[in-house]
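Let me begin by presenting the structure, written as structure tokens, before commenting on it.
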């Protein structure tokens, strides 16, 4: 059975999880807490998550995971068009969202969460083993500093990141001008999936498989940004994808 190594709350892991679900590729998810995940990923030749362990190899990047499972999927669905020009557009958008949107969303979100012990413990412990959950509580001050340094978390970086997120949302909104249903062509692709998954922390769709309790709810400032972005064309697009595509098991 394929193994998907994750930090459950990670939006990059949600990207891989959604792709596996969409393409109907069987897998079991093995979730870890941040920092503790390195004990597993290092043994597999990677550093970050997601990591997909298969009979044919180990894939240590979300883009590599999507390309691999799209190639082996037996369903009629595909995330990458067969047309070379359309495929190139999909891959360019996927790379943009991976390199920028996902990074900026994470940096912005951590600024508001980094001092919230209860919220972070819930987020980091989600799906992890009991031992790791205890480890999060014990090592929280150290983990907090590691994350703060690793992602350059500060008020200035959060403000800059939000500006970048807004710009990407505007780009997506412009691309969806008219009556376009998807970013490339007329079918759901890796570009659509990647945008929606990586934007999920700033949209909080109800259909997201990881839902937080009251402790993990956004504070007033975060909630205002979420409300703002949900109203954009890009935000409405991502929320529609979660509603229509996230748990849709029927072939297109």
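Residue numbers (full-length UniProt numbering): 1 to 252. Where a beta carbon is used, it is the ideal one built from N, C-alpha and C, also for glycine.
Tell me the residue span of the alpha helix (DSSP H) that contains residue 40.
By 1-based counting over the chain shown, the position of residue 40 is 40. Per DSSP, residue 40 belongs to the alpha helix (DSSP H) from 38-41.
For the beta strand (DSSP E) holding residue 30, just list the boundary residues, first then last.
In the chain shown, counting from the first residue as 1, residue 30 sits at position 30. Run containing residue 30: 27-31, per the beta strand (DSSP E) assignment.
Mark residue 193 as exposed unless 16 or more other C-beta atoms lie within 10 angstroms of its C-beta, in which case mark it buried.
What you label residue 193 is simply residue 193 of the chain shown in a count that begins at 1. Buried, because 16 or more other Cβ atoms sit within 10 Å of the Cβ of residue 193.
Taking 8 Å as the threshold (C-beta atoms), are residue 9 and residue 123 in contact?
Here residue 123 is taken as the residue at index 123 of the chain shown, counted from 1. Here residue 9 is taken as the residue at index 9 of the chain shown, counted from 1. Yes, the Cβ-Cβ distance between residue 123 and residue 9 is below 8 Å.
Of the residues 114, 120, 22, 31, which one's Cα is nearest the Cα of residue 213?
Taking the first residue of the chain shown as position 1, residue 213 is located at position 213. For the residues 114, 120, 22, 31, the minimum Cα distance to residue 213 belongs to 120.
Bounding residues of the beta strand (DSSP E) (the contiguous stretch that carries residue 54)
Against the chain shown, residue 54 aligns to sequence position 54. Residue 54 -> beta strand (DSSP E) spans 51-54.
DSSP state of residue 216, grouped into three classes?
Position 216 of the chain shown, counted from the start, is the residue given in the question as residue 216. Of the three classes helix, strand and coil, the one that applies to residue 216 here is helix, per DSSP.
Identified DSSP bridge partners for residue 57
One-based indexing of the chain shown puts residue 57 at position 57. In the DSSP output, where bridge partners are listed per residue, residue 57 has 54.
Report yes if the CB atom of residue 198 is closer than 8 Å to the CB atom of residue 102, and no otherwise.
Position 198 of the chain shown, counting from 1, holds the residue named residue 198. Position 102 of the chain shown, counting from 1, holds the residue named residue 102. Contact flag set, yes.
Using a Cβ-Cβ cutoff of less than 7 Å, which residues in the same chain neighbour residue 127 once the five nearest sequence positions on both sides are dropped?
Translated into positions along the chain shown, residue 127 becomes position 127. Here the set comprises 8, 31.
Does the stretch 125-143 come into contact with the stretch 31-44, if we say contact requires no fewer than three beta-carbon pairs (one atom in each stretch) closer than 8 Å?
yes
Taking the continuous alpha helix (DSSP H) assigned at residue 9, which residues delimit it?
Taking the chain shown and counting its residues from 1, the one referred to as residue 9 is at position 9. Note, residue 9: premise wrong, no alpha helix (DSSP H); not H, not E.
What are the partner residues of residue 3, as DSSP defines its beta bridges?
Sequence index remark: in the chain shown, residue 3 carries index 3 (1-based). 28, 53.
Starting from the C-beta of residue 81, find all residues in its chain whose C-beta is less than 8 Å away, skip the five residues before and the five after it, and write them out in chain order.
The residue given as residue 81 occupies position 81 in the chain shown. Closer than 8 Å at the Cβ level, and outside the excluded window around residue 81, lie 87, 90, 184, 185, 187, 189.
Helix, strand or coil: which one does DSSP assign to residue 129?
Working through the chain shown from its first residue, we reach residue 129 at position 129. Here residue 129 sits in coil by DSSP.
Starting from residue 236, follow the alpha helix (DSSP H) in both directions and report where the run begins and ends.
As a first step, residue 236 is located in the chain shown; it is residue number 236 there, counting from the start. Here the alpha helix (DSSP H) through residue 236 covers 233-245.
Is the number of C-beta pairs between the stretch 166-176 and the stretch 233-240 that are closer than 8 Å three or more?
yes
Looking only at its chain, what residues have a beta carbon closer than 6 Å to the beta carbon of residue 51, apart from the 5 residues adjacent to it on each side?
As a position in the chain shown, residue 51 is number 51, starting the count at 1. Once the five neighbours on either side are set aside, the close Cβ partners of residue 51 are 5, 41, 44, 60.
Of the listed residues 98, 70, 75, nearest to residue 13 (C-alpha basis)
In the chain shown, counting from the first residue as 1, residue 13 sits at position 13. Nearest of 98, 70, 75 to residue 13, Cα basis: 98.
Unbroken alpha helix (DSSP H) run spanning residue 102, endpoints
Locating residue 102 in the chain shown gives position 102, counting from the first residue. Per DSSP, residue 102 belongs to the alpha helix (DSSP H) from 102-113.
8 Å contact criterion, which residue 200 and residue 11 should meet: CB distance rounded
The residue you call residue 200 lines up with position 200 of the chain shown. The residue you call residue 11 lines up with position 11 of the chain shown. Between residue 11 and residue 200 the Cβ distance is about 6 Å, and since that is below 8 Å, they are a contact.
Decide if residue 1 is buried, meaning its Cβ has at least 16 other Cβ atoms within 10 Å, or exposed.
As a first step, residue 1 must be located in the chain shown, where it is residue number 1. It is exposed - the Cβ of residue 1 has fewer than 16 other Cβ atoms within 10 Å.
Pair within 8 Å by beta-carbon distance, residue 196 and residue 229:
Residue numbering aside, residue 196 sits at position 196 when the chain shown is read from its first letter. Residue numbering aside, residue 229 sits at position 229 when the chain shown is read from its first letter. In this structure, residue 229 does not lie closer than 8 Å to residue 196 by Cβ.
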